[in-house]
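Q: Quick note on numbering that gives the first Met the number 0: the sequence shown kicks off at 0 and runs consecutively.
Backbone N, C-alpha and C define an ideal beta-carbon position, used for all residues, glycine too.
Before we start, here is the structure in question, set down as structure tokens.
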Amino acid sequence: MNKVYGSAAEAVADIPDGASLAVGGFGLSGVPAVLIDALLAQGTAALRVVSNNCGVDDRGLGVLLAAGRITRVTGSYVGENKEFARQYLAGELEVELTPQGTLAERLRAGGAGIPAFYTPAGVGTQVADGGLPWRYAPGGASRPESGGRAVAIASPPKETREFHGRSYVLEHGITTDFAFVRAVRGDRHGNLVFRRAAANFNPLAAMAGRITVAEVEHLVEPGELQPDEVHLPGIYVQRMVELTPAEAAGKQIEKRTVRI
């Protein structure tokens, strides 16, 4: 039952090229940056990532993106990452943009063994009708066709159905080969506690991964966490990495706002 690995490098060592990876975090809050850095150092490439956003240019998933290690992103927000936008518009990266709530539910559904569900979000738009650019042709942003961009891959139309006089679109649950999450506390059995807003997509990403790796700021012994404290039960977590004090404190702020 002891799921703790000696290092982040050991915990990610068997992740192959081409793997799919769900990653928790929102902006820079709750991002499993130590695991991401270990995967970068390992050299794994052609990753298919599912995450709300792709970090920023020099932090989180942004470091894998800048190194050319990611080929596809399923997410809901481009955010502050200029390299993400550049690669997408240049036809170097495939991007499936999906409504944020839908993405959350797709991850939860996949982890719960639910293959698909209906939602009203996106009905009457390209989310349901198809035609969203998933990948532009190389140099697509500078081409005159299709409003200045040539689309190489577009989203397909989705099934819609009416319930009680309202239209809904069918969305599929998401499962991935691996998942990375960050928690403030966890025990050796994999039970996790998240701190406030840092929970965000972390529990959902953990559920969706077939093999979930958690980095924790404070590792405790089994029994120290009270059952009603646990946000994510250890059944969803296969590997744990205890962060050093420096790693645990190494948190960045995406945007700093001050008042004079």
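Ignore the nearest five residues each way along the sequence and tell me which others in Ala37's own chain have a CB closer than 6 Å to its CB.
A: Ala7, Ala8 and Val11
Q: For Thr159, which three-state DSSP category applies?
A: strand
Q: Identify every residue that forms a DSSP beta bridge with Met239.
A: Val3 and Ala213
Q: Measuring alpha carbon to alpha carbon, tell me which residue in Pro119, Pro132 and Glu216 is nearest Leu92.
A: Pro132
Q: Give the range of the beta strand (DSSP E) segment to which Ala182 is assigned.
A: Thr175 to Asp186
Q: Which stretch, first to last residue, makes up the alpha helix (DSSP H) that contains Ile35?
A: Ala32 to Gln41 is the extent of the alpha helix (DSSP H) around Ile35.
Q: Do you know how far the Cα of Ile259 is from the Cα of Leu46?
A: 44 Å
Q: Can you tell me the Cβ-Cβ gap for Asn201 and Arg181, rounded? I've got them flagged as a contact below 8 Å.
A: 6 Å
Q: DSSP on Arg134, reduced to helix/strand/coil?
A: strand
Q: Considering only their Cβ atoms, is the gap separating Leu34 from Val48 smaller than 8 Å?
A: Contact: no.
Q: Tell me the DSSP secondary structure of Ile252 in three-state form.
A: coil
Q: Tell me the start and end of each unbroken beta strand (DSSP E) in the region 79–103 that is at least 3 residues and wholly inside, in chain order.
A: 93–96
Q: Skipping 5 residues on each side, what residues in its chain have a beta carbon closer than 7 Å to that of His230?
A: Leu191, Val192, Phe193, Ala198 and Pro202
Q: Report the three-state DSSP secondary structure of Ile69 (helix, strand or coil).
A: strand
Q: What's the C-alpha gap between Gly23 and Pro232?
A: 16 Å
Q: Residues in its own chain within less than 7 Å of Gly90 by CB, not counting five upstream and five downstream?
A: Arg134, Tyr135, Ala136, Pro137, Gly138, Gly139 and Ala151
Q: Report back the beta-carbon spacing between Thr175 and Ser50 to the nearest angstrom; my notes put them in contact at under 8 Å.
A: At roughly 10 Å, the Cβ-Cβ gap does not stay under 8 Å, so Thr175 and Ser50 are not in contact.
Q: So what's Val223 in DSSP terms, helix, strand or just coil?
A: This sequence places Glu at residue 223; Val is not what is there. The three-state reading of DSSP puts Glu223 in coil, since its state is none of H, G, I, E or B.
Q: Looking only at its own chain, which residues have a Cβ that is under 6 Å from the Cβ of Val55, when we skip the five neighbours before and after it?
A: Contacts found: Gly61, Glu79 and Asn80.
Q: Taking the C-alpha atoms as reference points, what is the distance between Gln125 and Pro156?
A: 8 Å
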